[in-house]
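One structure is given below, encoded as structure tokens.
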Amino acid sequence: MFDGGKARQTVRQGVFPGLELAPVPAVKPGRCLRLRTGFKRISGPGPVEKAQHCRAGPGAAREKRLARANGGAASRFYGPGLLALEQDCDLMHTVFRALQRVYSPLTLIGKEIQMKKNLPALAVLTLLCGAAYAQSSVTLYGVADVGIGKMSGQKTGMISGDMVNHTTSYIGFRGIEDLGGGLKVGFRLEQFVNMEDGATASPGGQFVRAETFGRAANLWLEGGFGQFKMGRSETPSYNAISTWSIVGSANYSPSLGRYAAVGLSNRSSSQFSYKTPVFGGFSAEVAFIAKGDNGNKAKYDLNLIYENGPLAAGISYNKIQDAKANYALGAKYDFGMFALSAGYYDIRNLEGVSLPTGAKMKLAGFSVGGSVKFDNITLAVELQRQRKKEVYNQNVTQKYKKYTEGVVEAKYALSKRTFVYADYLRMENKNNYGLGIQHRF
Numbered sequence: 129m130f131d132g133g134k135a136r137q138t139v140r141q142g143v144f145p146g147l148e149l150a151p152v153p154a155v156k157p158g159r160c161l162r163l164r165t166g167f168k169r170i171s172g173p174g175p176v177e178k179a180q181h182c183r184a185g186p187g188a189a190r191e192k193r194l195a196r197a198n199g200g201a202a203s204r205f206y207g208p209g210l211l212a213l214e215q216d217c218d219l220m221h222t223v224f225r226a227l228q229r230v231y232s233p234l235t236l237i238g239k240e241i242q243m244k245k246n247l248p249a250l251a252v253l254t255l256l257c258g259a260a261y262a263q264s265s266v267t268l269y270g271v272a273d274v275g276i277g278k279m280s281g282q283k284t285g286m287i288s289g290d291m292v293n294h295t296t297s298y299i300g301f302r303g304i305e306d307l308g309g310g311l312k313v314g315f316r317l318e319q320f321v322n323m324e325d326g327a328t329a330s331p332g333g334q335f336v337r338a339e340t341f342g343r344a345a346n347l348w349l350e351g352g353f354g355q356f357k358m359g360r361s362e363t364p365s366y367n368a369i370s371t372w373s374i375v376g377s378a379n380y381s382p383s384l385g386r387y388a389a390v391g392l393s394n395r396s397s398s399q400f401s402y403k404t405p406v407f408g409g410f411s412a413e414v415a416f417i418a419k420g421d422n423g424n425k426a427k428y429d430l431n432l433i434y435e436n437g438p439l440a441a442g443i444s445y446n447k448i449q450d451a452k453a454n455y456a457l458g459a460k461y462d463f464g465m466f467a468l469s470a471g472y473y474d475i476r477n478l479e480g481v482s483l484p485t486g487a488k489m490k491l492a493g494f495s496v497g498g499s500v501k502f503d504n505i506t507l508a509v510e511l512q513r514q515r516k517k518e519v520y521n522q523n524v525t526q527k528y529k530k531y532t533e534g535v536v537e538a539k540y541a542l543s544k545r546t547f548v549y550a551d552y553l554r555m556e557n558k559n560n561y562g563l564g565i566q567h568r569f
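Position one of the sequence shown corresponds to residue 129 (this note's numbering), numbered consecutively onward.
Quick look at the structure:
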């Protein structure tokens, strides 16, 4: 709290404890920098809250007369006598003017010297700011998905990374650096996590790989031209099918599970890919795997995707060297409260399936699906029917049993990132069940 009496004594004695040599403000005649020890308009003295500039006016003159009549006694409005306060102000005017005459030239000289000293530092700082223009960030994210379920031929137990889980749990790191001019570079590393024991591979090894970053490990460069990517990543066929599948990229999606990304794995290692910018909802992606990275057989994979408003559609095509090509197409339309989807696939080569020399195969079929929403609840059904399942060898056609497969899914959203789900999956006349919870972070 400011002490008015001590301040007047300090001014009279010429003592300024802790005075800093700062530019002194010019004080015009007739105006004083009144250090109001501040006296509220109440009867009797009281502390003032802050200092303020004041100009002598009729009200002040009246107070002066009253103060002289009272011999400089305290005013009932302003506390200490105004006559004493006026004398203090006059003394302060004198001190301020003296300091101003002495210090102002030194201030200008000091500022000029200081500016000259700071010029090299400012130049270096400018260069550093230019170099630091590129902004970068690293994000930790992932999915935790675990539950209880039963698959055909197995006992009921905890499920993680199985085909009755919605998603396989994983943890990922994403880094982005803004190079300026619309150019960005980044990386993505994703590791599968088995929620049962914390390992990087599930007991069955169906959806989880043992590699440290088996889900994704790639580096990309992006600009107005599109995106170039190198490393392990999802295939273009996988991206196209998951666009229109009614249950998306869920592990129990009949479209992804049976189509097997149209003959290729959902993810490929040593993959070079390019994705175009989006033009009116259309985008395309092409991927290539060199011979040296795939047992002397090159792979090609491409897609064309359309996403605009309620309509999503995709076409995928892939081929392994010295083998027939595979393709699939499908579309989904979201009407708001409900959505419908349909797709068709034709597979002539399945990666990892060995056939006798000269033998050929054909696996074809179609799928239909639908979903409906009620507040936080979503119900979805997707069915897939095999139309052909044949192997041709030396003019002999061997036909296999064709199945109608499907999934029923129910989800309840607890938040934007967390939901519980239940699913029933029928594959090759075998029943599978799952009940779980998923959280994204």
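Ideal Cβ positions, reconstructed from N, Cα and C, are used throughout, including at glycine.
Which runs of the beta strand (DSSP E) spanning at least 3 residues fall entirely within the region 495-525, listed in chain order?
Segments of the beta strand (DSSP E) lying fully in the region 495-525: 505-521.
Those residues which DSSP pairs with K490 across a bridge
Paired residue(s): E518.
Supposed contact pair V292 and L553 - C-beta distance, whole angstroms, cut 8 Å:
The C-beta distance from L553 to V292 rounds to 6 Å, short enough to meet the 8 Å contact threshold.
Meets three-Cβ-pair contact criterion under 8 Å: the region 520-529 and the region 494-508:
Output reads no: the region 494-508 does not touch the region 520-529.
Between M358 and A412, what straight-line distance do the alpha-carbon atoms span, to the nearest angstrom?
It is roughly 17 Å from the alpha-carbon of M358 to the alpha-carbon of A412.
Rounded to a whole number of angstroms, what is the C-alpha to C-alpha distance between H567 and G486?
Separation of H567 and G486 (C-alpha to C-alpha, rounded to the nearest whole angstrom) is 48 Å.
Residue from Q449, G289, G442, V271 with nearest C-alpha to G420:
Nearest in C-alpha terms to G420, of all of Q449, G289, G442, V271, is Q449.
Suppose only complete runs of 3+ residues qualify. What are the beta strand (DSSP E) ranges in the region 394-443, listed by chain order?
For the region 394-443, whole beta strand (DSSP E) runs of length 3 or above, ordered along the chain, are 395-403, 410-417, 427-436.
Can you say whether L256 is buried or exposed, counting buried as having 16 or more other CB atoms within 10 angstroms of its CB?
Legend: pLDDT at L256 = 46, less than 50; position of this residue unreliable, value from coordinates given subsequently. If you draw a 10 Å sphere on the C-beta of L256, you find fewer than 16 other C-beta atoms in it, and that means exposed.
Here's the rule I'm using: 16 or more other beta-carbon atoms within 10 Å means buried, otherwise exposed. How should R360 be labelled?
With 16 or more Cβ atoms within 10 Å of its Cβ, R360 is classed as buried.
Assuming T371 is part of the beta strand (DSSP E), what are its boundary residues?
Here T371 belongs to no beta strand (DSSP E); instead the alpha helix (DSSP H) covers 364-372.
Would I374 pass as a contact of A467 if the rule is Cβ separation under 8 Å?
Against a cut-off of 8 Å, the Cβ pair of A467 and I374 comes out as a contact.
What is the residue span of the beta strand (DSSP E) that R568 lies within?
558-568 is the span of the beta strand (DSSP E), which, as asked, contains R568.
F502 versus Y540, R515, R513, Y473, residue with shortest Cα-Cα distance
The shortest Cα separation from F502 among Y540, R515, R513, Y473 belongs to Y540.
So W372 packs on S469, CB below 8 Å; how close in whole Å?
Right, their Cβ atoms sit about 6 Å apart.
Under the three-state reduction of DSSP, which class applies to G281: helix, strand or coil?
Coil at G281, not helix or strand.
Relative to the C-alpha of S288, which candidate in L478, A272, S543, R302 has its C-alpha closest?
Ranking L478, A272, S543, R302 by Cα distance to S288 puts A272 first.
Buried or exposed for A418, please, with buried defined as at least 16 other CB atoms from any protein chain shown within 10 angstroms of its CB.
Exposed is the call here.
Take A453 as the anchor and find which of M465, L430, S381 has the nearest alpha-carbon.
Answer by Cα proximity: L430.
Would a check of beta-carbon distances place I304 closer than 8 Å to chain B?
The question asks about chain B, but that chain is absent: this structure has only one protein chain.
Euclidean distance between Cα positions of F569 and V548
In a straight line, the C-alpha of F569 is about 15 Å away from that of V548.
Are G310 and R302 close, meaning C-beta to C-beta below 8 Å?
Result no, Cβ atoms of G310 and R302 do not sit closer than 8 Å.
Collapsed DSSP secondary structure at R386 in the structure displayed:
In the three-state scheme derived from DSSP, where H, G and I count as helix and E and B as strand, R386 is classed as helix.
Can you give me the start and stop residues for the beta strand (DSSP E) that N346 sits inside?
Counting along the chain, the beta strand (DSSP E) containing N346 begins and ends at 344-351.
With DSSP as the reference, label S203 as helix, strand or coil.
Caution is warranted here: a pLDDT of 42 is assigned to S203, below 50, making its placement in the model unreliable, and no coordinate value can be reported.
CA-to-CA distance, G277 to Y296, given in whole angstroms:
It is worth fixing the name first, because residue 296 is Thr in this sequence and not Tyr. Straight-line measurement puts the Cα of G277 at about 14 Å from the Cα of T296.
Helix, strand or coil for S265? Go by DSSP, reduced to three states.
Residue state, collapsed to three classes: strand.
In DSSP terms, what D462 is bridged to
Under DSSP, D462 forms a beta bridge with A467.
Once you ignore the five residues that flank Q78 on each side, which residues in its own chain have a CB closer than 6 Å to its CB?
The requested residue 78 is not part of the displayed model; the chain covers only 129 to 569.
Beta-ladder partner(s) of N477, from DSSP:
DSSP output for N477 lists no bridge partner at all.
Quick one, are the C-beta atoms of Y380 and V535 less than 8 Å apart?
Result yes, Cβ atoms of Y380 and V535 sit closer than 8 Å.
Do you know how far the Cα of N560 is from the Cα of K283?
Counting only the Cα atoms, N560 lies some 11 Å from K283.
Drop a sphere of 10 angstroms on the beta-carbon of L384, count the other beta-carbons inside from all chains shown, and report buried for 16 or more, exposed for fewer.
So L384 counts as buried.
Nearest to E435 by alpha carbon, out of N424, T267, F407, G564?
Here the closest residue by C-alpha is F407.
Comparing C-alpha positions only, which one of Y402, S444, A344 sits nearest to S396?
It is A344 whose Cα lies nearest to the Cα of S396.
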